[in-house]
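A.B. asks: Chains as they are written, first to last, in the numbering used here: chain A, 2 to 269; chain B, 12 to 96. We put the beta carbon where it would ideally sit given N, CA and C, even for glycine.
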Ligand SMILES: Nc1ncnc2c1ncn2[C@@H]1O[C@H](COP(=O)(O)OP(=O)(O)OP(=O)(O)O)[C@@H](O)[C@H]1O
Ligand SMILES: [Mg+2]
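What follows is the structure, encoded as structure tokens:
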């Protein structure tokens, strides 16, 4: 029976889609049967981030409205046989789906998968409520910035009110160089402010840009720091006990200099 | 405070400022109290306290929302004046 996990944030553009694609891929690499669902109806994106945009025939709304069977709409990943995507509709709006639809949909999928990851739209309105309706667990993505953290706090409260809590936190785009200069909130500070358990921290990583350009998950790229962070988060989701460490500038530098020679050590 | 203190005092790093601002704004967000609500609460509290302790000056009363350690608090600080009679 699948665990249904919604990835949300409040503020837009902090990395929900990137996180959904990479965690889904990492979980499938480790042998889980995974479906990712793009719940951002009208602003379809998970398909391009996963590199599956050319294979879409039917979408989530087609399934909900009975024009297609789930089996027909699910798109198989190019590389991983146990990874699927259910794309969002691009030409409809959020009101095309209800919370009850999302509960029915996820329940129909549960027996086929180990993980169902739902990529939530930004905001706290209907799209957010629909995306968490079928969830067993909620992950909140934030960046270490005041506006993102403030919005994340709002979402923490809403997730609790919807009895989907406690949510867990993923801090994305952390720049350790800025943190050590005192010019960016650290993971510990964000965790202290929000009082939510962290599931992991993902560094700011230029390779996210190039892997996203190609439609390949960063977790396939062994030199991507963010990719390795996502692999660790996936393993924690799977119940493995992997300590969360912030990259220190030292290990970061050592890693860049000697990583090729001595193996990569920095861990997130 | 000397000229040199001013010259050499380091500006607090921006992360520290971000943290303090966030802690304050979140306490207000969480209780959903506007600054006007808080001022009204303070006025009513002052009336109540004065009924029991008439010597208290309402202008001295401070009511604030803040984060202390790990919990959000509504704090009222009511200085007592020594009775003159
Ligand atoms: N760790 C990272 N390092 C560098 N760039 C990143 C990182 N994470 C995300 N990005 C970039 O940030 C941008 C926003 O990411 P993404 O689309 O995943 O956010 P989102 O929360 O899904 O946005 P929306 O709210 O619009 O759905 C993208 O350009 C992505 O490549
Ligand atoms: Mg997105």
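Which residues of chain B have a Cβ atom closer than 8 Å to the Cβ of residue 188/A, listed in chain order?
C.D. replies: Locating residue 188/A in the first chain gives position 187, counting from the first residue. Neighbours of residue 188/A on chain B: none; closest Cβ ~12 Å, over 8 Å.
A.B. asks: Considering only DSSP beta bridges, list what residue 202/A is partnered with.
C.D. replies: In the first chain, the residue the question calls residue 202/A occupies position 201. DSSP output for residue 202/A lists 172/A as bridge partner(s).
A.B. asks: Leaving out the 5 sequence neighbours to the left and right, which residues in its chain are closer than 8 Å to residue 310/A when beta-carbon positions are compared?
C.D. replies: This structure leaves residue 310/A out entirely; chain A is present only between 2 and 269.
A.B. asks: Do you know offhand how far residue 25/B's Cα is from residue 41/B's?
C.D. replies: Numbered from its first residue, the second chain carries residue 25/B at position 14. Numbered from its first residue, the second chain carries residue 41/B at position 30. Taking the straight line from one Cα to the other gives about 24 Å.
A.B. asks: According to DSSP, what are the bridge partners of residue 4/A?
C.D. replies: Numbered from its first residue, the first chain carries residue 4/A at position 3. In the DSSP output, where bridge partners are listed per residue, residue 4/A has 116/A.
A.B. asks: Are the CB atoms of residue 168/A and residue 140/A nearer to each other than 9 Å?
C.D. replies: By 1-based counting over the first chain, the position of residue 168/A is 167. By 1-based counting over the first chain, the position of residue 140/A is 139. Result yes, Cβ atoms of residue 168/A and residue 140/A sit closer than 9 Å.
A.B. asks: Kindly say whether residue 45/B, judged by its beta-carbon, lies nearer than 9 Å to any beta-carbon of chain A.
C.D. replies: As a first step, residue 45/B is located in the second chain; it is residue number 34 there, counting from the start. Not one chain A Cβ lies under 9 Å of residue 45/B.
A.B. asks: Going by DSSP in three states, residue 87/B sits in which element: helix, strand or coil?
C.D. replies: Working through the second chain from its first residue, we reach residue 87/B at position 76. Strand at residue 87/B.
A.B. asks: Any C-beta of chain B sitting closer than 9 Å to the C-beta of residue 146/A?
C.D. replies: Taking the first residue of the first chain as 1, we reach residue 146/A at position 145. So, interface residue.
A.B. asks: Would you identify the three-state DSSP class for residue 218/A, choosing helix, strand or coil?
C.D. replies: As a working mapping, residue 218/A is identified with position 217 in the first chain. If DSSP states are grouped into helix, strand and coil, residue 218/A belongs with coil.
A.B. asks: Indicate the three-state DSSP secondary structure (helix, strand or coil) for residue 10/A in the structure shown.
C.D. replies: In the first chain, residue 10/A corresponds to position 9, counting from 1. Three-state DSSP puts residue 10/A in coil, outside helix and strand.
A.B. asks: Which two residues bound the contiguous beta strand (DSSP E) that contains residue 85/A?
C.D. replies: Working through the first chain from its first residue, we reach residue 85/A at position 84. It spans 84-87 - the beta strand (DSSP E) in which residue 85/A sits, taken as one unbroken run.
A.B. asks: If you draw a straight line from the alpha carbon of residue 65/B to that of residue 54/B, how long is it in whole angstroms?
C.D. replies: The sequence position of residue 65/B within the second chain is 54, counting from 1. The sequence position of residue 54/B within the second chain is 43, counting from 1. Roughly 15 Å between the two C-alpha positions.
A.B. asks: Tell me where the beta strand (DSSP E) around residue 79/B begins and ends.
C.D. replies: Counting from 1 along the second chain, the entry for residue 79/B is found at position 68. From DSSP, the beta strand (DSSP E) with residue 79/B extends over 73-79.
A.B. asks: Which residues count as close to ligand 1 when the rule is a CB under 7 Å from any of its heavy atoms, in chain order?
C.D. replies: Those satisfying the condition are, in chain order, 10/A, 13/A, 14/A, 15/A, 16/A, 17/A, 18/A, 19/A, 20/A, 41/A, 44/A, 46/A, 50/A, 120/A, 122/A, 123/A, 142/A, 173/A, 174/A, 203/A, 204/A, 205/A, 206/A, 207/A, 209/A, 210/A, 213/A and 227/A.
A.B. asks: Starting from the beta carbon of residue 184/A, find every residue of chain B whose beta carbon is closer than 7 Å, and list them in chain order.
C.D. replies: Translated into positions along the first chain, residue 184/A becomes position 183. What residue 184/A touches in chain B: 24, 25 and 26.
A.B. asks: Could you give the distance in angstroms between the alpha-carbon of residue 192/A and the alpha-carbon of residue 183/A?
C.D. replies: Counting from 1 along the first chain, the entry for residue 192/A is found at position 191. Counting from 1 along the first chain, the entry for residue 183/A is found at position 182. Their Cα atoms are separated by approximately 16 Å.
A.B. asks: In this structure, how does DSSP classify residue 41/A when only helix, strand and coil are distinguished?
C.D. replies: For the purposes of this step, residue 41/A is identified with residue 40 of the first chain, where counting begins at 1. Three-state result, residue 41/A: coil.
A.B. asks: Quick check: is the beta carbon of residue 41/B nearer than 9 Å to any beta carbon in chain A?
C.D. replies: Taking the first residue of the second chain as position 1, residue 41/B is located at position 30. Closer than 9 Å: yes.
A.B. asks: Measure the C-alpha to C-alpha separation of residue 220/A and residue 83/A and round it to an integer number of angstroms.
C.D. replies: For this step, residue 220/A is matched to residue 219 along the first chain. For this step, residue 83/A is matched to residue 82 along the first chain. Roughly 16 Å separates the two Cα atoms.
A.B. asks: Determine whether the Cβ of residue 84/B lies closer than 9 Å to any Cβ atom of chain A.
C.D. replies: Against the second chain, residue 84/B aligns to sequence position 73. No, its Cβ sits nowhere closer than 9 Å to a Cβ of chain A.
A.B. asks: For the alpha helix (DSSP H) containing residue 156/A, list its first residue and its last residue.
C.D. replies: Here residue 156/A refers to the residue found at position 155 of the first chain. From DSSP, the alpha helix (DSSP H) with residue 156/A extends over 147-162.
A.B. asks: So with CB distances below 8 Å, who are the chain B contacts of residue 155/A?
C.D. replies: As a working note, residue 155/A is residue 154 in the first chain. Chain B residues near residue 155/A: 40.
A.B. asks: Quick one: Cα of residue 37/A to Cα of residue 89/A, how far?
C.D. replies: In the first chain, residue 37/A corresponds to position 36, counting from 1. In the first chain, residue 89/A corresponds to position 88, counting from 1. Cα to Cα, residue 37/A sits roughly 11 Å from residue 89/A.
A.B. asks: In the DSSP output, what is residue 141/A paired with across the bridge?
C.D. replies: Against the first chain, residue 141/A aligns to sequence position 140. Bridge partners of residue 141/A: 9/A and 170/A.
A.B. asks: If we define contact as Cβ-Cβ less than 9 Å, is residue 19/A a contact residue for chain B?
C.D. replies: The residue given as residue 19/A occupies position 18 in the first chain. It does not; no Cβ of chain B falls within 9 Å.
A.B. asks: Which of helix, strand or coil does DSSP assign to residue 181/A?
C.D. replies: Counting from 1 along the first chain, the entry for residue 181/A is found at position 180. The answer is helix: DSSP assigns residue 181/A an H, G or I state.
A.B. asks: Enumerated in chain order, which unbroken segments of the alpha helix (DSSP H) with a length of 4 residues or greater are wholly contained in the stretch 222-248 of chain A?
C.D. replies: Whole alpha helix (DSSP H) segments, 4+ residues: 226-238.
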